[in-house]
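Asks:
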Amino acid sequence: MKVLIPSALRSYTERSEAEASGSTLAAVLADLDRLYPGIRFRMIDEQNRIRPHIRFFVNGEQARDLGQALEATDKLMIVQALSGG
Amino acid sequence: MTLNIENPAAKTDGSRQTLLMVSTRKGAWFYYGDSARQTWRTDGPHFLGHIINHLLLDPRDGRTLLAAAKTGHLGPTIFRSTDFGRTWQEAAKPPAFTTVTDGSGGRAVDHTFWLTPGHADEPDVWYAGTSPQGLFRSEDGGVSWAPFSCINDDPQYRRWMGSVQDGTPDGPKLHSIIVDPRDAAHLYLAMSGGGVHESADGGRTFAPLIEGLEVVEGFAPEDAMFHDPHCVRLSPSNPDRLYQQNHCGIYRLDRPADQWQRIGRSMPAAVGDVGFPMVVHPRDADVAWVFPMDGTSVWPRTSPDGKPAVYGTRDGGETWQRLDAGLPGSQAWWTVKRQAMTADSRDPVGLYFGTTSGELWMSRDEGRQWECIATHLPEIYAVETAELA
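Sequence lines, in order, name chains A and B.
The first sequence begins at 3 in my numbering and counts up by one.
The second sequence begins at 1397 in my numbering and counts up by one.
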């Protein structure tokens, strides 16, 4: 599926869009980490919680659960949000 | 991930250079001093926009740099360079607590706060202290990190660490990780809050080292939970001597004794003996420096009365001298954080500090005269120095 990458993570992907696969949000992020080592830990902590200033949107709707099911035709947007000055 | 820096640092000739490594809330800078420490060449920013809590050069190989980084959005990591910042490689496994799977929750590293190279006999070992408080070790030069469960998951230590609310405003810190240069298995560390602790077995076990330290009035000094060491330093010329800047005063400890002595009592009453950093002379264990701050009323944590000054002792803390020549005489409301003051190894010793207002200051005569190297930097978190042959 198509994954939109925020500017803060483009040092990993070197582009604003990436392709990753998986049947859940967690699986897609694991695939992204396989393609771009280290990128997942910048978004998901060691307790498998989404970091405070990272948001995921699937087809425009916020996804708060890493177990959320995804389809190959979905569009995942990773957002860097509200981290202050 | 590799970051390519377009302005790499490079030695210009064969002369001796002093390197300053400046970590800030918005990136890192290198300053290369000439052999007389008169002029400084700027290399930076590195990691612009990243929060760099600590960056230092491995004194064992003279080429490995580690930087503790995070950003406002992204989680914490460690970057490593072996070419003075021309390229940086991210750690394959940054410091992270053990994943908890029993549903009880678990801690996550917010940022790595402190980095310490290991003993000279363990050339690839590094230690890291984090917020929330955790101790981590790398045995491969900073590429991969593993937690020390005896600290991180021990119920007694977890109690002493308290919760996030028991720490400093941007999170409780494990800091001042010290390796005895005579014995790789002899370690010290400090926690804000949580006290000073010592290990004689390479970190398999730790025990509190808090006798003689005062705590905020009304709390029990025998409970490590109430102790707030700000910075602990071992004397390079006498590893049996420790100095400490604490939330409740300046202390000295001469081992094998385990009773800290409050040497800040002889500081001027109007200045007090509260501050963050502590620096010890590289060759004279009786000489040390502090940077007092205002710890009265609501704890402004600014220079007392807006008049910044280093205070130095040349007799192990019996007496202190104010060292402010060249510093602003009034209306300067900054202070210096615990990692942001350091000394080089030259003779006379050069002293350096970075301010919360983004100024970098130096003295090439052990504090007698100060001059500003840089202004308008972001808030400075750490200043380290190294000599490049």
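Glycine residues also receive a C-beta, built at the ideal position from the N, C-alpha and C atoms.
None of the values given here were measured: they were computed from a predicted structure.
Could you confirm whether any beta carbon from chain A is found closer than 9 Å to the beta carbon of Val1496 (chain B)?
Replies: Residue mapping note: residue 1496 (chain B) aligns to position 100 of the second sequence, counting from 1. Yes - at least one Cβ of chain A is within 9 Å of the one on Val1496 (chain B).
Asks: State the Cα-Cα distance for the pair Tyr1647 (chain B) and Asp1439 (chain B), rounded to the nearest angstrom.
Replies: Taking the second sequence and counting its residues from 1, the one referred to as residue 1647 (chain B) is at position 251. Taking the second sequence and counting its residues from 1, the one referred to as residue 1439 (chain B) is at position 43. Each residue's Cα considered, the two are about 37 Å apart.
Asks: Taking 9 Å as the threshold (beta carbon to beta carbon), is Gln82 (chain A) in contact with chain B?
Replies: Working through the first sequence from its first residue, we reach residue 82 (chain A) at position 80. Taking Cβ atoms only, chain B reaches closer than 9 Å to Gln82 (chain A), which makes this a yes.
Asks: Which residues, in chain order, does the stretch 1460 to 1477 of chain B contribute to contact with chain A at a C-beta distance below 9 Å?
Replies: Cβ contacts with chain A: Lys1466, Thr1467, Gly1468, His1469, Leu1470, Gly1471, Pro1472 and Thr1473.
Asks: Please give the ranges of any beta strand (DSSP E) in the stretch 1719 to 1756 of chain B, keeping only runs that are unbroken, at least 3 residues long and fully inside the region.
Replies: 1737 to 1739 and 1747 to 1750
Asks: Under the three-state reduction of DSSP, which class applies to Met45 (chain A): helix, strand or coil?
Replies: Your numbering for residue 45 (chain A) matches position 43 in the first sequence. In the structure shown, Met45 (chain A) sits in coil (DSSP, three-state: anything other than H, G, I, E or B).
Asks: Closer than 6 Å by C-beta to Leu1470 (chain B): which residues in its own chain qualify, once you throw out the five before and the five after it? Chain order, please.
Replies: Numbered from its first residue, the second sequence carries residue 1470 (chain B) at position 74. If we look at Leu1470 (chain B) and ignore the five residues flanking it on each side, it has no Cβ neighbours.
Asks: I believe Gly1671 (chain B) touches Val1686 (chain B) by the beta-carbon criterion, under 8 Å. Please report the beta-carbon distance rounded to the nearest angstrom.
Replies: Mapped onto the second sequence, residue 1671 (chain B) falls at position 275. Mapped onto the second sequence, residue 1686 (chain B) falls at position 290. Correct: roughly 5 Å between the Cβ atoms.
Asks: Excluding the 5 residues preceding and the 5 following Gly1608 (chain B) in the sequence, name in chain order all residues of the same chain whose CB lies nearer than 6 Å to its CB.
Replies: Translated into the one-based positions of the second sequence, residue 1608 (chain B) becomes position 212. Around Gly1608 (chain B): Gln1655 and Trp1656.
Asks: Please confirm whether Gly40 (chain A) has its beta-carbon closer than 9 Å to some beta-carbon of chain B.
Replies: As a position in the first sequence, residue 40 (chain A) is number 38, starting the count at 1. It does; some Cβ of chain B falls within 9 Å.
Asks: Mapping the DSSP letters down to three states, classify Ile7 (chain A) as helix, strand or coil.
Replies: For the purposes of this step, residue 7 (chain A) is taken as the residue at position 5 of the first sequence. In the structure shown, Ile7 (chain A) sits in coil (DSSP, three-state: anything other than H, G, I, E or B).
Asks: Which residues in the same chain as Met1397 (chain B) place their Cβ atom closer than 7 Å to its Cβ, once the five residues preceding and following it in sequence are excluded?
Replies: Numbered from 1 along the second sequence, position 1 holds the residue referred to as residue 1397 (chain B). With a pLDDT of 45 at Met1397 (chain B), under the threshold of 50, the predicted position of this residue should be treated as unreliable, and no value is reported.
Asks: Have a look at B:Leu1462, B:Ala1666 and B:Cys1546 and flag the residue whose alpha-carbon is nearest the alpha-carbon of Ala1424 (chain B).
Replies: Taking the first residue of the second sequence as position 1, residue 1424 (chain B) is located at position 28. Nearest of B:Leu1462, B:Ala1666 and B:Cys1546 to Ala1424 (chain B), Cα basis: B:Leu1462.
Asks: Look at the Cβ atom of Ala1736 (chain B), then the Cβ atom of Ile1448 (chain B), and state whether they are nearer than 9 Å.
Replies: The residue given as residue 1736 (chain B) occupies position 340 in the second sequence. The residue given as residue 1448 (chain B) occupies position 52 in the second sequence. Contact flag unset, no.
Asks: Between Val1560 (chain B) and Pro1744 (chain B), what straight-line distance do the alpha-carbon atoms span, to the nearest angstrom?
Replies: For this step, residue 1560 (chain B) is matched to residue 164 along the second sequence. For this step, residue 1744 (chain B) is matched to residue 348 along the second sequence. Their Cα atoms are separated by approximately 42 Å.
Asks: Taking Asn1449 (chain B) as part of the beta strand (DSSP E), name the residues at either end of that continuous run.
Replies: Along the second sequence, read from residue 1 onward, the residue named residue 1449 (chain B) stands at position 53. Note, Asn1449 (chain B): beta strand (DSSP E), Ile1447 to Leu1453.
Asks: Find the residues of chain A that neighbour Gly1502 (chain B), judging by a C-beta separation of less than 8 Å, and give them in chain order.
Replies: Counting from 1 along the second sequence, the entry for residue 1502 (chain B) is found at position 106. Going along chain A in sequence order, the residues near Gly1502 (chain B) (Cβ under 8 Å) are Glu48 and Gln49.
Asks: Output, in chain order, the set of chain A residues within a Cβ distance shorter than 8 Å of Ala1492 (chain B).
Replies: On the second sequence, position 96 is the one that residue 1492 (chain B) refers to. Per Cβ cutoff of 8 Å: Phe43, Asp47 and Glu48.
Asks: So, is Glu1714 (chain B) buried or exposed, given that buried needs 16 or more other C-beta atoms within 10 angstroms?
Replies: Against the second sequence, residue 1714 (chain B) aligns to sequence position 318. By the neighbour-count rule (16 or more Cβ atoms within 10 Å), Glu1714 (chain B) is not buried but exposed.
Asks: In whole angstroms, what is the alpha-carbon distance linking Leu6 (chain A) and Glu21 (chain A)?
Replies: Position 4 of the first sequence holds residue 6 (chain A). Position 19 of the first sequence holds residue 21 (chain A). Answer to the nearest angstrom: the Cα atoms are 9 Å apart.
Asks: Is Ala65 (chain A) close to chain B, meaning its C-beta is less than 9 Å from at least one C-beta of that chain?
Replies: In the first sequence, counting from the first residue as 1, residue 65 (chain A) sits at position 63. Closer than 9 Å: no.
Asks: Quick one: list the residues of chain A neighbouring Glu1486 (chain B), beta-carbon separation under 7 Å, in chain order.
Replies: Your numbering for residue 1486 (chain B) matches position 90 in the second sequence. Per Cβ cutoff of 7 Å: Gly40.
Asks: Closest to Phe1443 (chain B) by C-alpha separation, out of B:Thr1781, B:Ala1782 and B:Pro1774, would be which residue?
Replies: To locate residue 1443 (chain B), count along the second sequence from 1; it is residue 47. Ranking the options by Cα distance to Phe1443 (chain B), first place goes to B:Pro1774.
Asks: Which same chain residues end up closer than 6 Å to Leu1451 (chain B) when comparing Cβ atoms and leaving out the 5 residues on each side of it in sequence?
Replies: For this step, residue 1451 (chain B) is matched to residue 55 along the second sequence. Contacts found: Met1417, Ser1419, Ala1424 and Ala1463.
Asks: Excluding five sequence neighbours on each side, which residues of the same chain lie with their C-beta closer than 8 Å to the C-beta of Thr1601 (chain B)?
Replies: Start at 1 with the first residue of the second sequence, and residue 1601 (chain B) comes out as number 205. Here the set comprises Cys1546 and Ser1595.
Asks: Could you spell out where the alpha helix (DSSP H) holding Ser1545 (chain B) opens and where it closes?
Replies: Along the second sequence, one-based indexing puts residue 1545 (chain B) at 149. That run of the alpha helix (DSSP H) goes Ser1545 to Asn1548.
Asks: Could you name the residues of chain B that Ile52 (chain A) contacts, counting a contact when the two beta carbons are closer than 9 Å?
Replies: Taking the first sequence and counting its residues from 1, one reaches residue 52 (chain A) at position 50. Ordered by position in chain B, no residue passes the 9 Å Cβ test against Ile52 (chain A), which lies about 10 Å from the chain.
Asks: What does Ile56 (chain A) touch in chain B if you count any residue whose Cβ is under 7 Å from its own?
Replies: Your numbering for residue 56 (chain A) matches position 54 in the first sequence. Ordered by position in chain B, the residues that pass the 7 Å Cβ test against Ile56 (chain A) are His1469.
Asks: Note down, in chain order, every chain B residue with its Cβ under 8 Å from the Cβ of Ala10 (chain A).
Replies: Indexing the first sequence from 1 puts residue 10 (chain A) at position 8. What Ala10 (chain A) touches in chain B: Thr1467, His1469 and Leu1470.
Asks: Starting from the C-beta of Ala1782 (chain B), find all residues in its chain whose C-beta is less than 6 Å away, skip the five residues before and the five after it, and write them out in chain order.
Replies: Taking the second sequence and counting its residues from 1, the one referred to as residue 1782 (chain B) is at position 386. Closer than 6 Å at the Cβ level, and outside the excluded window around Ala1782 (chain B), lie Leu1415 and Leu1453.
Asks: In angstroms, rounded to a whole number, what distance separates the CA positions of Leu1719 (chain B) and Pro1704 (chain B)?
Replies: Position 323 of the second sequence holds residue 1719 (chain B). Position 308 of the second sequence holds residue 1704 (chain B). Answer to the nearest angstrom: the Cα atoms are 9 Å apart.
Asks: His1623 (chain B) and Gly1591 (chain B) - do their beta-carbons sit closer together than 9 Å?
Replies: The residue labelled residue 1591 (chain B) in the question sits at position 195 within the second sequence. The residue labelled residue 1623 (chain B) in the question sits at position 227 within the second sequence. A contact, by the Cβ cut-off of 9 Å.
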